[in-house]
Each structure stands twice: as C-alpha cells, then as structure tokens.
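Enquirer: Let me begin by handing over the structure; questions about it come next.
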Amino acid sequence: MDLQLTGRVVLVTGGSDGLGAALVRTLVAEGARVAFCGRDEARLHAVAEQVVGGPGEAFGRVADVRDPQALAGFVTAATDRFGAVHALVNNAGASSTGPFEKHADEVWQADLDLKLYAAIRACRLVLPLLREAGGGAIVNSLAIGARAPGAGSTPTSVTRAAGLALTKALSKEFGPDGVRVNAVLVGLVRSGQWERAAAREKIGVEDLYHRMGHNSDIPLGRVGRAEEFADLVAFLVSARAAYLTGTAINFDGGLSPVA
C-alpha cells in the first residue's frame with residue numbers, strides 16, 4: 010500500500026530513541042520529510058545518520074519539549090527547513106508510576122509538563138500550519154492505562170487519560186478544518202527503557218522480553234516491536250487514514266481489557 014507520504018512534512022517529538030526513532034526511520038523510508046527532536050544530541054545524530062540516503066529526509070534538533078521556547082524553536086526550525094507542516098506526532102514522554110501516596114506535587118507536575126502540556130503546546134503551534142497546508146494529522150502517543158488504569162499507575166495513567174480527552178476534543182473542534190486527531194495507546198513494547206532495565210538487573214534483554222511477554226497476560230504472548238508501532242502511526246498520518254479521527258487504537262497485543 011502506498012501511504013502517499015512522499016514529500017509530506019511530519020514533526021516527531023521524542024524522536025531520538027525507541028518508538029520515536031523507529032517512526033523517523035519508517036517515515037523517511039516512505040518518502041516523508043521528518044523533523045524530530047529530543048534532548049540527547051548524540052542520539053539525534055545517530056538516528057539522522059541511519060536514514061541518510063533514504064527516499065525521504067530528516068533532521069534532528071535538540072529540544073526539551075517541557076521548555077515552551079525550545080519547543081517553539083523546534084517547530085520554527087522545521088518550517089524554515091521544509092516550508093510547511095502536514096502532520097505532528099506527540100511522542101515525547103516516559104512512564105512515571107508508583108504508589109499514589111509517595112508522589113509529591115513535584116512528581117505530578119513533572120509528568121504533566123512532559124506528557125500533557127508539551128502536547129498541548131505543540132498542537133497549538135502546529136494547528137495554524139496544518140490549516141495553511143489544507144489539513145493534516147496529529148497523533149498522540151499515549152498508553153493503555155489512559156483507558157484502563159491499574160493500581161500504582163499514577164501519575165502516568167492520569168496524564169495519559171487527559172491526553173486521550175485532548176485527542177477527542179481537538180478532533181471535534183478541528184475536523185472542519187481537515188485536521189484529523191488520533192491516539193495510539195501503547196502497551197508493552199521493546200524500547201530503550203527496557204534495555205536499561207535489563208542492564209540494571211544484569212540479565213539478557215531477550216530474556217527480559219521473553220519474561221514480560223509470558224508473564225503479562227498478553228494474548229499474543231510477546232511484547233510489541235517499535236517498528237510495528239511506527240507502521241501504525243505512519244498509516245494514521247497518511248492519506249490512507251483520511252476517514253479516521255477522534256479514535257484511540259490499542260497497540261498492546263490484546264493486553265488491555267478495554268477495546
């Protein structure tokens with residue numbers, strides 16, 4: 010299937026590692042022009058090197074999405090480079106969970122700043138550009154805890170639930186402008202954070218993934234792959250998903266009890 014992404018400009022936050030890096034590689038392979046940001050310059054450079062010579066092109070910019078000025082600078086750099094924006098993927102974020110009574114206000118605020126307010130600001134910056142382009146797409150990368158929170162899942166599950174509400178509200182408000190807004194709710198997926206966890210536990214990363222896949226009640230019996238996430242998001246930002254908006258798709262191998 011031709012996703013018709015050739016020449017389309019896609020902005021990806023949190024694109025220097027894991028799911029975001031896989032998405033950058035997939036989008037460039039589909040011919041898109043990709044601007045991506047992250048906090049680690051070395052990782053950004055590594056991802057950019059991986060896609061050199063692809064059908065599309067990409068450039069990375071150091072930016073902490075929690076900093077409004079840095080986020081605005083990233084969007085400006087993207088438009089200066091490519092002249093337009095056709096899609097935004099809010100992917101920046103990390104899981105912050107634990108017993109509710111142990112989380113001070115500072116923990117909650119940090120989680121909200123990273124995963125909710127950054128997405129709000131990015132949408133606010135990009136929506137006028139999507140209108141100028143005649144429409145486009147926004148995808149918010151969330152977690153299955155947004156719809157099915159468990160014990161010890163705060164603050165992440167609450168922040169992600171807010172992101173889900175944002176997704177639905179924006180889809181209603183900006184649908185008439187041709188802007189589609191969807192979300193992907195991620196379950197257990199291979200990523201850098203699990204590789205680092207395996208190193209801390211001094212076990213092989215494949216052993217960790219095997220244990221996670223078989224001990225987590227995932228119907229498919231394995232954790233997901235970053236490339237599979239990237240395939241789904243690439244479809245959602247493409248013209249092939251032109252009649253999809255306001256929806257949240259579980260990317261979890263069937264783990265979530267909520268469809």
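Numbering-wise, the sequence shown is residues 10 to 268 according to this note's numbering.
Note that beta-carbon positions come from the ideal geometry of N, C-alpha and C, so glycine has one too.
Predicted model, so just to flag it, every value in this text is computed and none were measured.
1) What are the start and end residues of each continuous alpha helix (DSSP H) run of 4 or more residues lying completely inside the region 147-204, in chain order?
2) Ends of the beta strand (DSSP E) at Phe97?
3) Hey, Val84 and Leu173: beta-carbon distance below 8 angstroms or not?
4) Buried or exposed: which applies to Gly24, given that a residue is buried once 16 or more other Cβ atoms fall within 10 Å of its Cβ?
5) Using the Cβ count rule (16 or more neighbours within 10 Å means buried), how would you classify Tyr218?
6) Which class does Gly47 belong to by DSSP, given the choice of helix, strand or coil?
7) Pull up the distance between the alpha-carbon of Phe109 and that of Pro164, whole angstroms please.
8) In whole angstroms, what is the alpha-carbon distance linking Asp26 and Tyr252?
9) Could you pull out every residue in the same chain whose Cβ sits closer than 8 angstroms to the Cβ of Gly263, ignoring the five residues on either side in sequence?
10) For Val195, which residues in the same chain have their Cβ closer than 6 angstroms to its Cβ, ignoring the five residues on either side in sequence?
11) Under 8 angstroms by Cβ, that's how I've got His54 and Gly69 pegged, so tell me the actual separation to the nearest angstrom.
12) What distance in whole Å lies between the Cβ atoms of Val18 and Ala93, which are believed to be in contact at a cut-off of 8 angstroms?
13) Measure from the alpha carbon of Gln13 to the alpha carbon of each residue in Glu58, Asp49, Ala243 and Pro137, then state which is nearest.
14) If distances are taken between C-alpha atoms only, which option among Glu215, Leu245 and Ala103 comes closest to Val188?
15) Along the alpha helix (DSSP H) that carries Ala86, what are the first and last residues, could you check?
16) Taking only the alpha-carbon atoms, compute the straight-line gap between Met10 and His112 and give it to the nearest angstrom.
17) Pick out whichever of Gly16, Thr22 and Thr35 has its Cα sitting closest to the Cα of Glu236.
18) May I have the straight-line CA-CA distance separating Ala160 from Asp49, to the nearest angstrom?
19) How should His223 be labelled, buried or exposed, when 16 other C-beta atoms within 10 angstroms of its C-beta is the threshold for buried?
20) Return the residue from the list Val135, Ala127 and Ala41 that minimises the CA-CA distance to Ala86.
21) Quick one: residues in its chain with C-beta nearer than 8 angstroms to the C-beta of Asn191, no 5 flanking neighbours on either side, listed in chain order?
22) How is the beta strand (DSSP E) around Arg70 delimited, first residue to last?
23) Buried or exposed for Met43, going by 16 or more other Cβ atoms inside 10 Å?
24) Would you check if the distance between the CB atom of Met221 and the CB atom of Leu241 is smaller than 8 angstroms?
Expert: This is what the structure gives:
1) 165-183
2) Checking the displayed sequence, the identity of residue 97 turns out to be Leu instead of Phe. Per DSSP, Leu97 belongs to the beta strand (DSSP E) from Ala96 to Asn99.
3) no
4) buried
5) buried
6) strand
7) 8 angstroms
8) 30 angstroms
9) Ile227, Pro228 and Leu229
10) Ala152 and Phe260
11) 7 angstroms
12) 5 angstroms
13) Ala243
14) Leu245
15) Pro77 to Phe91
16) 46 angstroms
17) Thr35
18) 32 angstroms
19) exposed
20) Val135
21) Ala146, Ile147, Val148, Asn149, Thr176, Ser180, Leu245, Ala250, Leu253, Thr254, Gly255, Thr256, Ala257 and Ile258
22) Glu66 to Val71
23) A small correction: the amino acid at residue 43 is Val; Met does not occupy that position in the sequence shown. It counts as buried.
24) no
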